[in-house]
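Residue numbers (this note's numbering), protein chains in the order written: chain A, 1071 to 1215; chain R, 1071 to 1215; chain G, 1071 to 1215; chain S, 1071 to 1215. All residues carry an ideal CB built from backbone N, CA and C; glycine is no exception. Please read all numbers here as calculations on a predicted model, not as lab measurements. This report concerns only the one structure given below.
Number of protein chains: 4
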Amino acid sequence: MTDNFKFYTELKVRYEETDAMSVVYYGKYFVFFEVARTEYLKNIGYNYTDIEKEGFYFVVAESNCKYYNPARYDDDLRIFTRVEYIKNSSFNFVYHIIKTAKNETLSDVKIASGSTVLVCVDNTDFKPRRIPEYLRKAIQDFEQI
Amino acid sequence: MTDNFKFYTELKVRYEETDAMSVVYYGKYFVFFEVARTEYLKNIGYNYTDIEKEGFYFVVAESNCKYYNPARYDDDLRIFTRVEYIKNSSFNFVYHIIKTAKNETLSDVKIASGSTVLVCVDNTDFKPRRIPEYLRKAIQDFEQI
Amino acid sequence: MTDNFKFYTELKVRYEETDAMSVVYYGKYFVFFEVARTEYLKNIGYNYTDIEKEGFYFVVAESNCKYYNPARYDDDLRIFTRVEYIKNSSFNFVYHIIKTAKNETLSDVKIASGSTVLVCVDNTDFKPRRIPEYLRKAIQDFEQI
Amino acid sequence: MTDNFKFYTELKVRYEETDAMSVVYYGKYFVFFEVARTEYLKNIGYNYTDIEKEGFYFVVAESNCKYYNPARYDDDLRIFTRVEYIKNSSFNFVYHIIKTAKNETLSDVKIASGSTVLVCVDNTDFKPRRIPEYLRKAIQDFEQI
């Protein structure tokens, strides 16, 4: 299921991210997705802060998540991340989160998967702008799309 | 667009919910959805705390959100909420969020819409359980579904 | 203990604010304090958004909280709030949070108390600026300090 | 200022942790402190999850933070952490956060410092219990207190 992902990042569940069911609150996965996007862009050579300095924001237009198994405090999560398509001013990210086994006798556990659609906008009027060419090319090269 | 909603709840955007774009962080809408679910259930006569005391959790199996316009600090949001279907152990909530106008010369603004699928599970093993009949009936009566 | 407070605001604990101990996460009280500050200023006639539009930020320089009893999901909290002092560019807020009883046979429960020191800064360079006179006067009049 | 600290952990600021001032929200530093506590305990050989499995919670009784300079999205923070004292059922943590320089021509920047008092309680009644001896000893040995 993660065969077509060329990138992943890892994080550890914080106590703050759990709720009274002792599992990660459903809304926190969108924070994990954000961390993954940041690291994905860095991995192909770009800091999102630099993109903002050029006058752009990448705003989220759509998001979704499916939850398979609960994650808990101190779990080690691996977030597989890829871009499926890139259009004129929008592109998406697809995520697949697993809990990595603490030792070899255990298996990885499928936690959640989801996606977000991002739109490149001008940071003054929030109107769509064409995604910068260098970034488009870097993503297309990395994903071979 | 909100004609078929029989319930709404209101909240005011907190500074904590904004991010460096000066708008509400995309993941916070799922917190707003949670507030709306809690108040929806209360409106038809049930506290979610009481449902938990009977040994159930309502866990989120799927969630999604579309973002139309940014909401900002101190905005007054109205979250229209309804249940579209209720199955054996799962049901959904649909949400539509608008920013209510501060005065009569302004119009309401469409902010976001989304949905969540909830599954009734046993709070010890997280296995699906049949939704309690009193709650099923209360939702069906309220929504006429 | 709340005799010298002339203002309070109320809120209800969200599921998102709880953690795996089934109580409100200790860091969330600072969000509650923020809500209280916003409502306090509104109560004496000022929106913090308008203050920002004039080119100021009120940044937090110090914060603290003492925790007496845990608050839980769906608890109704009342946050007593007052200003103790106002200097050239800084002033403080003091908070006292109680859980209000759900019915008359129960008593209010002391949850937490704390304070924050705020500094009025220029929103371009974050350097201290004199607190606007109208606001200083409004606070002094309200608190009789 | 960090000379008497024997441990630090690092993290990177997430977009979610920023607010409309484009800086880290003041309440998020308490989340950073939590991450630091978790890693501190792990560093001396203990997982907080294991302590919870023995029937204890470490609840926060007091917390405070002083803010020196704003941290921003994607900043690399280093959280120096130590225990100053350990009593029968309570102990504290002291934290000092710096932003580490992105390159050698820049200096580290002092961001915030704070402390928390933790109380070891029974996880059923939240009453204070004596801190487990193995943990007390491990902390005393590590800190030489």
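Tell me whether the beta-carbon of residue i lies closer than 8 Å to the beta-carbon of residue j.
i: Phe1161(S); j: Leu1188(S); result: yes
i: Ser1159(R); j: Ile1201(R); result: yes
i: Phe1075(G); j: Phe1150(G); result: yes
i: Cys1190(G); j: Phe1100(G); result: no
i: Lys1112(R); j: Gly1184(R); result: no
i: Ile1181(S); j: Ile1114(S); result: no
i: Asp1089(R); j: Thr1108(S); result: no
i: Gly1097(R); j: Glu1203(S); result: no
i: Arg1199(S); j: Phe1126(S); result: yes
Rounded to the nearest angstrom, how far is the Cβ of residue i from that of residue j, given a contact under 8 Å?
i: Thr1170(A); j: Asp1146(A); result: 5 Å
i: Tyr1165(G); j: Ile1215(G); result: Contact flag wrong, Cβ pair sits at about 17 Å.
i: Arg1142(S); j: Tyr1078(S); result: Not confirmed; about 20 Å, so no contact.
i: Thr1186(G); j: Phe1163(G); result: 5 Å
i: Asp1120(R); j: Asn1117(G); result: The Cβ separation is near 38 Å, so there is no contact.
i: Asp1178(A); j: Ile1167(A); result: About 10 Å separates the two Cβ atoms, so there is no contact after all.
i: Val1093(A); j: Pro1140(A); result: 4 Å
Kindly identify the DSSP beta-bridge partner or partners of residue i.
i: Asp1146(G); result: Lys1082(G)
i: Ala1182(G); result: Tyr1137(G), Ile1167(G)
i: Val1153(S); result: Answer is none; Val1153(S) lacks a bridge partner.
i: Val1187(A); result: Glu1132(A), Asn1162(A)
i: Val1094(S); result: Thr1088(S)
i: Tyr1127(G); result: Val1191(G)
i: Phe1036(G); result: As shown, chain G starts at 1071 and ends at 1215. That puts residue 1036(G) outside it, with no answer to give.
Residue i by DSSP, collapsed to three states: which one?
i: Thr1088(R); result: strand
i: Asn1162(R); result: strand
i: Phe1196(S); result: coil
i: Thr1108(S); result: helix
i: Asn1173(R); result: coil
Quick one: give me the first and last residue of the alpha helix (DSSP H) that residue i is part of.
i: Gln1019(S); result: With chain S running from 1071 to 1215 in the structure shown, residue 1019(S) is simply not present.
i: Ile1016(S); result: Since the first residue of chain S shown is 1071 and the last is 1215, residue 1016(S) is not available in this structure.
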